[in-house]
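Encoded as structure tokens, the structure appears first; notes follow it.
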Amino acid sequence: MAGSDWTCSLSTMREWESPDYEPSLPISEKSNPLTRDIDRASATCIVRMLQASDAQMFQEGTGTTYKRLLSEQVVETLMEVAKRVELILEDPQDSLVVLSGCGTSGRIAFLMASSFNRALRELNKSPVYSYIIAGGDKALLSSQEAPEDDPRMGMLSLKRVCEGKRRVLFIGISCGLSAPFVAGQLDFCLQHPEVFTPVLVGVNPTHQARDEPIPGCTFTFRSVVQRMQELAKSQKAFLVNPAVGPEAISGSSRMKGGSVTKILLEVVLSAAHAATFTNTSVTYMGILQHMRAYEKTLDITYAQEEGISALLEAAGRSLRRGGRVCYLGWGSLAATGLIDASECIPTFGADYNDVRGFVSGGYRELNNNEGPLISLGPDFCIAHEDFLRLALPSLSDLDAVLLVYTHSDDVCDVVKLARRVREKTSNLHAVYHQVDGDTAAAVQQNDINKVCLSSLRISWPPPASRSLLHMQWELSTKLLLNAVSTGAHVLKGKIYQNHMIDVQVTNSKLYGRATRLLRKLSGCPEHRCEDALLKAIYRVDELTADISSSDINTHTLAARNRTKVVPLALVCLLTGRSLQEAETHLERQPVVREAVEACLSPSTRRGVIVARPRT
Ligand code: F6P
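Below, the structure is given as structure tokens:
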């Protein structure tokens, strides 16, 4: 199945839509049938699987199942939301559009607010967009999972941003319709309808919104959604929640979840800007055309299968040998690299040095709310100068460096940096976007090609609009870097089947996911899995009464500084070994997939995990 000739049939593309497919899980947590064998796939097959998974974003619905990205209802809601933004742009006095979310959703909120405020500034208009990310700006660059569980913090941060405003369009993003932080904000909006119009963006149908009680609250995410559904009938609230299929790596909403959030928000905000500043009304066809441009973006990007596979191989080789992967980015693509790199920590249990992003212009270019964060430590040093100071001196051929830019950026600067890197490593690669026929930077590109081991050129037809082209370049770069970092970690053995086995257990959603994963992979009953998880978190062979009676919040706090929690719990469950023995076993075999497989004998297999060679 995962051999070098991997292809997928339409029925595999649609298998997740069946009501019998993992019925207890929301779409955002289901495992994708397309990527079941991604852990033993070759680099090329990984890219094909990711392409197929991304293509599910644009698949049309079959009528009876889920709302999809291109469904009439979704397009119509986007039009209505765009018109609300238009009203604010026309009369911005005391008004605001706030975008908010946790993890990747907050990062996309940041990117959107930044780029559309920049567009306003270019027109000599005042900014109207604000972003909120759970955990504050440090969460833009690092994993801050715990604040996601805090609805009060969500509410307070929204209140603070909106102080004194008379009209606010609040766009809460939670791919899984699950983050208590966002639920708290939506609840606050619902309590103050005279000021707030709430919009919820996610990728699950409303009946799959999370219904777990939130400590200290009378509402759940689902009950908030139900109140919004009522108000949506009179357009006092809006729900934008197309189904795009399960993530390629189960639950990794940084991938499709992040991409579709970017698409939806850009479609809405661009339509509103066009309506306000170029007199182009918001139309159904206009929205649809913009979506189709993103579909084309996928085609153009994945047409580079060979080049992407080569990058993924190079990055995977570096990670396997203990080397680093560095993205050096220019212009708006640099932030995409920074974000992709930061997400590897919670997703794969990676060290912050494993994959790092650096931005030309550093914090000046990032222009985040809280300004430079360098006082937080070296992992928050993000400028190219920081790369030269902190990373370059110890760079070797073990480390892979990717230059990420477009021909609209300062290509002379790319040449300069490329030459400096080349003095330290030959493992240097370029990824760049260029408009067909544009030869302005041909000489510099030639110089870059000479020092790079590989150069991946993504070529675009002359654009109808410059801003659309930039959005396409950003999405293309996101897809490509997601593929490189995910694929590299797959090749490093950090994925089991298509699950993030080394996931950090630092909030209630991740705690639930970890317990479910242990159940699935060990075949043991839930209570045993939860016990094993707690033992791995607290590093004890017997649970004390204190531990057993503590709440999930306490457990996730305790898990903050732990590594390999889920792999340890799994080895203990599968082999009956003590924690110490399991730890030694994992130390001897750091490739988690192989460590777990080595524990398996036919008697412990329970028909769930099968050790398989990479093809
Ligand atoms: O907390 C973990 C996480 O899954 C992140 O990886 C993700 O970006 C974030 O939660 C937000 O998830 P959601 O958009 O579903 O609220």
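Here full-length UniProt numbering is used: the first residue of the sequence shown is 1, the next is one more, and so on.
Idealized CB from N, CA, C, for every residue including glycine.
Quantities reported herein were computed from a predicted structural model and do not represent experimental measurements.
Distance between beta carbons of residue j and residue i, contact taken as under 8 Å
i           : j      : result
Ser142      : Ile345 : 7 Å
residue 643 : Thr65  : The question about residue 643 has no answer here: the residues shown for the chain are numbered 1 through 615.
Ala43       : Cys8   : At roughly 17 Å, the Cβ-Cβ gap does not stay under 8 Å, so Ala43 and Cys8 are not in contact.
Leu269      : Val240 : Going by Cβ atoms, the distance from Leu269 to Val240 rounds to 13 Å, so no, they are not a contact pair.
Thr59       : Thr297 : The sequence shown places Gln at residue 59, not Thr. That pair is no contact at about 16 Å.
residue 686 : Asp39  : Outside the shown range of the chain, which is 1 to 615, sits residue 686, and nothing can be said about it.
Gly322      : Leu398 : 7 Å
Ala209      : Phe221 : 5 Å
Pro147      : Cys217 : 15 Å between Cβ atoms; not a contact.
Tyr405      : Trp330 : 4 Å
Ala335      : Leu111 : 6 Å
His384      : Leu328 : 6 Å
Ser105      : Ile173 : 4 Å
Gly458      : Thr584 : As written in the sequence, residue 458 is Ile, which differs from the Gly given in the question. With 8 Å as the limit, Ile458 and Thr584 do not qualify as a contact, their Cβ atoms being about 46 Å apart.
Spatially closest choice to residue i from the options, by CA coordinates
i           : options                        : result
Gly493      : Phe348, His192, Ser259         : Phe348
Pro151      : Cys189, Glu163, Val128         : Cys189
Tyr538      : Cys524, Ala559, Asp502         : Ala559
Cys412      : Ala483, Asn449, Cys45          : Asn449
residue 627 : Glu15, His273, Leu376, Leu579  : Because the chain is modelled from 1 through 615, residue 627 falls outside the range shown and cannot be assessed.
Leu517      : Lys30, Glu15, Asp5             : Lys30
Gln289      : Val81, Arg36, Ala464           : Ala464
Ser549      : Asp531, Asn561, Lys233         : Asp531
Gly315      : Thr276, Arg356, Ala275, Leu333 : Residue identity check: residue 315 is Ala in the sequence provided, not Gly. Nearest option by C-alpha distance: Arg356.
Thr506      : Ile552, Glu306, Ser342         : Ile552
Met49       : Leu428, Met255, Ala536, Lys138 : Met255
His192      : Cys162, Ala514, Ile173, Leu543 : Cys162
Gln497      : Val592, His384, Leu453         : Val592
Ala82       : Val199, Ser105, Val225, Ala179 : Val199
Gln73       : Arg36, Tyr284, Val224          : Tyr284
Asp91       : Val168, Pro23, Pro462          : Val168
residue 662 : Arg466, Leu34, Leu428, Lys138  : Outside the displayed span of the chain (1 to 615) sits residue 662, for which this structure offers no information.
Ala391      : Gln434, Ser508, Cys326, Ala271 : Cys326
Leu376      : Gly106, Leu453, Asp137, Ala113 : Asp137
Leu574      : Leu533, Thr556, Arg562         : Leu533
Asp447      : Ala536, Arg419, Tyr432         : Arg419
Thr554      : His527, Pro215, Phe219, Ser105 : Pro215
Glu266      : Gly512, Arg562, Ala113, Gln226 : Ala113
Gln445      : Cys524, Asp410, Glu370, Arg577 : Asp410
residue 636 : Leu120, Ser342, Thr276         : Because the chain in this structure spans residues 1 to 615, residue 636 falls outside the shown range and cannot be described.
Thr556      : Val225, Arg513, Glu370, Glu306 : Arg513
Arg160      : Ala139, Thr197, Gln185, Ser178 : Gln185
Beta-carbon proximity of residue i to residue j, cut-off 8 Å
i      : j      : result
Gly258 : Ile132 : no
Ala293 : Leu480 : no
Leu99  : Val128 : no
Ala243 : Lys67  : yes
Leu475 : Met291 : no
Val565 : Val596 : no
His407 : Ala440 : yes
Ile287 : Val75  : yes
Ala248 : Asn32  : yes
Gln235 : Thr206 : no
Gly202 : Phe181 : no
Val260 : Ile171 : no
Ser332 : Ser485 : no
Met500 : Gly251 : yes
Leu579 : Leu568 : yes
Ala483 : Leu312 : yes
Lys424 : Leu388 : no
Residues sharing a beta bridge with residue i, DSSP
i      : result
Cys326 : Arg356, Val401
Phe238 : Val199
Gly101 : Ile133, Ile173
Met79  : Met79 is not bridged to any residue.
Ser454 : His429
Leu434 : Correcting the residue identity first, residue 434 is Gln in this sequence and not Leu. Per DSSP, Ser459.
Tyr496 : His499
Leu87  : Leu87 pairs with nothing; no bridge assigned.
Ala383 : Val359
Leu96  : Val168
Thr406 : His433
Residue i Cβ short of 7 Å to the ligand GTP heavy atom set
i      : result
Arg254 : In the structure shown, the ligand GTP is absent; the only ligands present are the ligand F6P.
- Task: Taking only runs that begin and end inside the segment 155 to 232, name each unbroken beta strand (DSSP E) of 3 or more residues, in chain order.
- Result: For the segment 155 to 232, whole beta strand (DSSP E) runs of length 3 or above, ordered along the chain, are 167 to 173, 196 to 201.
- Query: What residue ranges within the segment 459 to 494 form continuous alpha helix (DSSP H) runs of no fewer than 4 residues, ordered along the chain?
  - Reply: With a minimum length of 4 residues, the continuous alpha helix (DSSP H) runs that stay inside the segment 459 to 494 are 466 to 492.
- Message: As an exercise, report each continuous beta strand (DSSP E) stretch of at least 3 residues that is fully enclosed by the segment 275 to 302, in chain order.
- Response: Fully enclosed beta strand (DSSP E) runs of 3 or longer: not present.
- Message: Which complete alpha helix (DSSP H) runs does the segment 528 to 583 hold, if anything under 4 residues is left out?
- Response: Listed in chain order, the alpha helix (DSSP H) elements of length 4 or more contained wholly in the segment 528 to 583 are 545 to 549, 552 to 558, 565 to 575.
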